[in-house]
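Asker: Counting in my numbering, the sequence shown runs from 126 upward without gaps. Idealized CB from N, CA, C, for every residue including glycine. Being a predicted model, the structure only gives us computed values, none of them experimental. This is the structure I want to talk about, given as structure tokens.
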Amino acid sequence: MSTISSLWGDPPPTLAFELSEAGIAVARTGKTPELDFRALEPGVISVSPLRDNILEPEKLAAIVRSLAPPNGSRKRRDAALILPDLCARVSVLDFVDFPTDPKEQLSLIRFRMKKSVPYDVESAALNYFPQADAENGKRYDVVVAVVPLEIVVRYEAPFRAAGIEPGFVTTSALAALDLVEEKDVIVMAKLSGRILTIMALVRGAVKLVRSLELSEVGTAEIASDLYPTFVYLEDNFGEKAVKLLLAGFGGLEAEARVRFETELNVPVAVPRSALGIPTDSNVGLLGYLESLAG
Numbered sequence: 126m127s128t129i130s131s132l133w134g135d136p137p138p139t140l141a142f143e144l145s146e147a148g149i150a151v152a153r154t155g156k157t158p159e160l161d162f163r164a165l166e167p168g169v170i171s172v173s174p175l176r177d178n179i180l181e182p183e184k185l186a187a188i189v190r191s192l193a194p195p196n197g198s199r200k201r202r203d204a205a206l207i208l209p210d211l212c213a214r215v216s217v218l219d220f221v222d223f224p225t226d227p228k229e230q231l232s233l234i235r236f237r238m239k240k241s242v243p244y245d246v247e248s249a250a251l252n253y254f255p256q257a258d259a260e261n262g263k264r265y266d267v268v269v270a271v272v273p274l275e276i277v278v279r280y281e282a283p284f285r286a287a288g289i290e291p292g293f294v295t296t297s298a299l300a301a302l303d304l305v306e307e308k309d310v311i312v313m314a315k316l317s318g319r320i321l322t323i324m325a326l327v328r329g330a331v332k333l334v335r336s337l338e339l340s341e342v343g344t345a346e347i348a349s350d351l352y353p354t355f356v357y358l359e360d361n362f363g364e365k366a367v368k369l370l371l372a373g374f375g376g377l378e379a380e381a382r383v384r385f386e387t388e389l390n391v392p393v394a395v396p397r398s399a400l401g402i403p404t405d406s407n408v409g410l411l412g413y414l415e416s417l418a419g
């Protein structure tokens, strides 16, 4: 299982859910995972990093019950919960000398993150993954995810009410990293409705994660946010990205591939899964299942 995507918890549970504004994708894990999807009415979930995301909890709870009805047992079922990218702030912090003591690590990370988010980091859900520098053992790039606790609680509530225990919680983009096979310099652009997430990886190490809300979902606006990432990689690492991965682009994929290949002069591909081509609603779920298979 990928350590980067395992930001909260470490089971493998029997159920896995990915939530988005479009709906809920679910998988029953195992040797041959069973996949399903239920669409949500517009406005049931409205993703934000600062306010309650669940605007119609009764409708969300009804969909959860339909996807995972009681199995006749009083025992709670474990589940992985994959949240929309924009509800979390994911940062990559660099440390020249990262302490080995977990308490010191957490204290340093919280101190650094205080200036990055407009809420109390001390009371937020926070976890992190240190990535050691291959050339300097004391230097670390630390992937940090932080979400207001009340947002996480509201996402978890309908599952707990249905007798499901969310023992593993992550974000869609971090779970999707398990679909990236390349170990070169890679940029991944992930689209989920109006939410664009851009990630930059250098030989498997995450160097940048950025999620934003698009005012207009089209290749022109995506390009204006995506292209500076390629400049960032050259300026900070002295290397050019060798591939761009597009996930969840759906009907925009053909246009995006032609435009980005031409303007960036870089090959464009789509991440693959043994369970099918990822969509804007399940790319994190398929990445999570890939981590279990590996």
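Put Phe220 into one of helix, strand or coil per three-state DSSP.
Answerer: Strand at Phe220.
Asker: Near Arg214, which residues of its chain fall below 7 Å by C-beta distance, leaving aside the five closest residues on each side in sequence?
Answerer: Around Arg214: Pro174, Ser241, Val242, Val271.
Asker: Which of the three DSSP states, helix, strand or coil, is assigned to Gly148?
Answerer: Three-state DSSP puts Gly148 in a strand.
Asker: Cα separation between Thr404 and Asp360?
Answerer: Taking the straight line joining both Cα atoms gives about 32 Å.
Asker: In whole angstroms, what separates the C-alpha of Ser130 from that of Ala325?
Answerer: Because the pLDDT at Ser130 is just 49, under 50, the model does not fix this residue reliably, and the point stays unresolved.
Asker: Which value, in whole angstroms, describes the spacing of the CA atoms of Pro353 and Ile347?
Answerer: In a straight line, the C-alpha of Pro353 is about 11 Å away from that of Ile347.
Asker: Which residue wins for smallest C-alpha separation from Val331, given the options Met238, Leu302, Val356?
Answerer: Measuring from the Cα of Val331, the nearest candidate turns out to be Leu302.
Asker: Between the C-alpha atoms of Ala193 and Ala150, what's the straight-line distance to the nearest angstrom?
Answerer: One C-alpha to the other measures close to 11 Å.
Asker: Keeping to the same chain, check which residues put their C-beta closer than 6 Å to that of Ala300; ignore five residues upstream and five downstream.
Answerer: The residues are Ser130, Ile207, Gly409, Gly412, Tyr413.
Asker: Should Leu180 be labelled buried (16 or more other beta-carbon atoms within 10 Å of its own) or exposed?
Answerer: The residue is exposed, with fewer than 16 neighbouring Cβ atoms inside 10 Å.
Asker: For the stretch 309–369, list the alpha helix (DSSP H) runs that are entirely contained and at least 4 residues long, ordered along the chain.
Answerer: With a minimum length of 4 residues, the continuous alpha helix (DSSP H) runs that stay inside the stretch 309–369 are 344–362.
Asker: Can you find the residues in the same chain that come closer than 6 Å, C-beta to C-beta, to Val312, ignoring five residues on each side of it along the sequence?
Answerer: The answer, listed in chain order, is Ala325, Thr354, Ala366, Leu369.
Asker: What are the residues that DSSP puts in a beta bridge with Phe254?
Answerer: Looking at the DSSP assignment, Phe254 forms a beta bridge with Val268.
Asker: Which class does Ala381 belong to by DSSP, given the choice of helix, strand or coil?
Answerer: Three-state result, Ala381: helix.
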